[in-house]
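**Q** One structure, as structure tokens, below. Some questions next.
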Amino acid sequence: MSPLTFFLAASLLLLAIGLAGLITRRTLVGMLISVELMLNGAGLSIVAAAKSTEASDALGQLATLFVMGLAAAEATLVLAMILVVQRRFGKVLSSDISTLR
Amino acid sequence: MEEFVTPLVDSVLNYLGDAINSLQEFLSPYLPEASLAAYVAFAVYTLIILAGAFGAVLSRNLVRAMMGLVLTFLGVAGMYLLLASPFLAFMQLLIYVGAVCVLIFFAIMLTRNTSEGEEARLPGFSALGYGLLSLVAPLAVFLPLLISRGRDLKTKVPEDPGTGVLGEGLLREYVLPFELISIILLVAMAGAVFLAYRGYKPLKGGSE
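So the sequences go chain by chain: A and B. To get our numbering, take the position in the first sequence, counting from 1, and add 20. To get our numbering, take the position in the second sequence, counting from 1, and add 35.
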């Protein structure tokens, strides 16, 4: 067992909890929150792996910075989608927008 | 009073120290070499992360769920500090707590999805079953892999090379991903404006 194992276990827990939230949440906003949890787990695992092995230090930190940028872009787009869905349906239930029409 | 209290405090402190020492001796074959403070910090951050994550997933009130998300972000920032990358911890606070959480709060408020919204009801029975399955499945797949592969992994103690390395990497070695992520951000902002702006026109006939 190394410290890396503990950090990876923590990020694995974030992934599992976020996935469970993504399944059980009813609205798009709750699903967005769960996706952010999973992205945080991804960033944590990347930094832990790059920092505590011989891998390039800059690569790990920059990859996590890119993950953060992608998360920000994704949150912006999801906010716009939530606005559009709210205008069309009056609510943001994921079960309402499951038909391709 | 003094001659009664001082030996008592001393004996309690001795007992605590002995207990911690014996605990460390008992656990040392299983745990990697690190100072006790590092373990305490890791345990505290893990508790913060778990409490925040469960709050974010289980809370029926979306504003409370977002506060759980903030708690998780703070815990992960602490983990970054523990991994000797303070710049990332700072960026975590700036980007996630400062920007993403504000966006989520806007989403909650614009959809009026607070305590009496659609999320206030409990999820259905099948959704709960699938949720439990998706909680267990990643753990069941990756945890045995992690434990079996992590045993003979060669690791080193993380150290902070400073932010100069990051700047060099952004402008020299990883300049293409850097430019790509700026394009992605631009496209995402333009797409968000496009999506939200079209909706202002009144829809005719319901065909759109």
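Even for Gly, the Cβ is constructed at its ideal location relative to N, Cα and C. Treat the numbers as computed from the prediction; the structure is a model and nothing was measured.
1. Which residue's Cα is closest to the Cα of Leu104(B): Ile43(A), Ile37(A), Thr25(A), Ile53(A)?
2. Taking only beta-carbon atoms, is Leu59(A) less than 7 Å away from chain B?
3. For chain B, find out if any of its Cβ atoms is closer than 7 Å to the Cβ of Thr119(A); answer yes or no.
4. Roughly how many angstroms separate the alpha carbons of Leu220(B) and Val47(B), rounded to a whole number?
5. Going along the region 43 to 55 of chain B in order, which residues come within less than 9 Å of chain A, judged by CB to CB distance?
6. With a threshold of 16 other CB atoms inside 10 Å of the CB of Ser242(B), please say whether the residue is buried or exposed.
7. In the DSSP assignment, find the alpha helix (DSSP H) that holds Asp45(B) and state where it starts and stops.
8. What is the DSSP secondary structure of Thr47(A), reduced to helix, strand or coil?
9. Quick check: is the beta carbon of Gly41(A) nearer than 7 Å to any beta carbon in chain B?
10. Would you say Thr73(A) and Thr190(B) are within 7 Å of each other, going by their C-beta atoms?
11. Give the residues of chain B in contact with Ser72(A), contact being defined as C-beta atoms less than 8 Å apart.
12. What does the Cβ neighbour count give for Thr47(A), buried or exposed, with the cut at 16 atoms within 10 Å?
13. Rounding to the nearest angstrom, what Cα-Cα distance links Val135(B) and Arg147(B) in this structure?
14. If we require 3 or more residues per run, which beta strand (DSSP E) segments fall completely within the region 129 to 189 of chain B?
15. Please determine if the region 83 to 100 of chain A and the region 30 to 46 of chain A are in contact, where contact requires at least 3 C-beta pairs separated by less than 8 Å.
16. Can the beta-carbon of Gly185(B) be found closer than 7 Å to that of Ser31(A)?
17. Taking Cβ-Cβ distances shorter than 7 Å, what residues in chain A pair up with Pro196(B)?
18. Apart from the five residues just before and just after Asp53(B), which ones in its own chain have a Cβ nearer than 8 Å to its Cβ?
19. Comparing alpha-carbon positions, which option in Asn96(B), Ser169(B), Phe229(B), Leu201(B) lies nearest Leu79(A)?
20. Answer with yes or no whether the minimum CB distance from Ile102(A) to chain B is below 7 Å.
21. The alpha helix (DSSP H) with Gln106(A) in it runs from where to where?
**A** Working from what's here:
1. As a position in the second sequence, residue 104(B) is number 69, starting the count at 1. The residue with the shortest Cα to Cα distance from Leu104(B) is Ile53(A).
2. By one-based count along the first sequence, residue 59(A) stands at place 39. Cβ-Cβ to chain B under 7 Å: no for Leu59(A).
3. For this step, residue 119(A) is matched to residue 99 along the first sequence. So, not an interface residue.
4. Mapped onto the second sequence, residue 220(B) falls at position 185. Mapped onto the second sequence, residue 47(B) falls at position 12. Approximately 58 Å between the Cα atoms of the pair.
5. none
6. The sequence position of residue 242(B) within the second sequence is 207, counting from 1. Residue placement at Ser242(B) is poorly supported in this model, since its pLDDT is 48, which falls under 50; the coordinates still yield a value, given next. Ser242(B) should be labelled exposed.
7. As a first step, residue 45(B) is located in the second sequence; it is residue number 10 there, counting from the start. That run of the alpha helix (DSSP H) goes 37 to 62.
8. For the purposes of this step, residue 47(A) is identified with residue 27 of the first sequence, where counting begins at 1. It is a strand residue.
9. Position 21 of the first sequence, counted from the first residue, corresponds to residue 41(A). Cβ-Cβ to chain B under 7 Å: yes for Gly41(A).
10. In the first sequence, counting from the first residue as 1, residue 73(A) sits at position 53. In the second sequence, counting from the first residue as 1, residue 190(B) sits at position 155. Yes, the Cβ-Cβ distance between Thr73(A) and Thr190(B) is below 7 Å.
11. Here residue 72(A) is taken as the residue at index 52 of the first sequence, counted from 1. Under the 8 Å cutoff, chain B gives Leu118, Thr190, Lys191, Val192, Pro193.
12. As a working note, residue 47(A) is residue 27 in the first sequence. Buried is the call here.
13. What you label residue 135(B) is simply residue 100 of the second sequence in a count that begins at 1. What you label residue 147(B) is simply residue 112 of the second sequence in a count that begins at 1. If you take the alpha carbons of Val135(B) and Arg147(B), they lie about 18 Å apart.
14. none
15. no
16. Taking the first residue of the second sequence as position 1, residue 185(B) is located at position 150. Taking the first residue of the first sequence as position 1, residue 31(A) is located at position 11. Contact: no.
17. Along the second sequence, read from residue 1 onward, the residue named residue 196(B) stands at position 161. Residues of chain A passing the Cβ test: Asp77.
18. Numbered from 1 along the second sequence, position 18 holds the residue referred to as residue 53(B). Counting only Cβ-Cβ distances below 8 Å, and skipping sequence neighbours, we find nothing.
19. Taking the first residue of the first sequence as position 1, residue 79(A) is located at position 59. Nearest C-alpha to Leu79(A): Leu201(B).
20. As a first step, residue 102(A) must be located in the first sequence, where it is residue number 82. Yes, Ile102(A) counts as interfacial toward chain B.
21. The count along the first sequence starts at 1 and reaches residue 106(A) at position 86. Start and end: 77 to 109.
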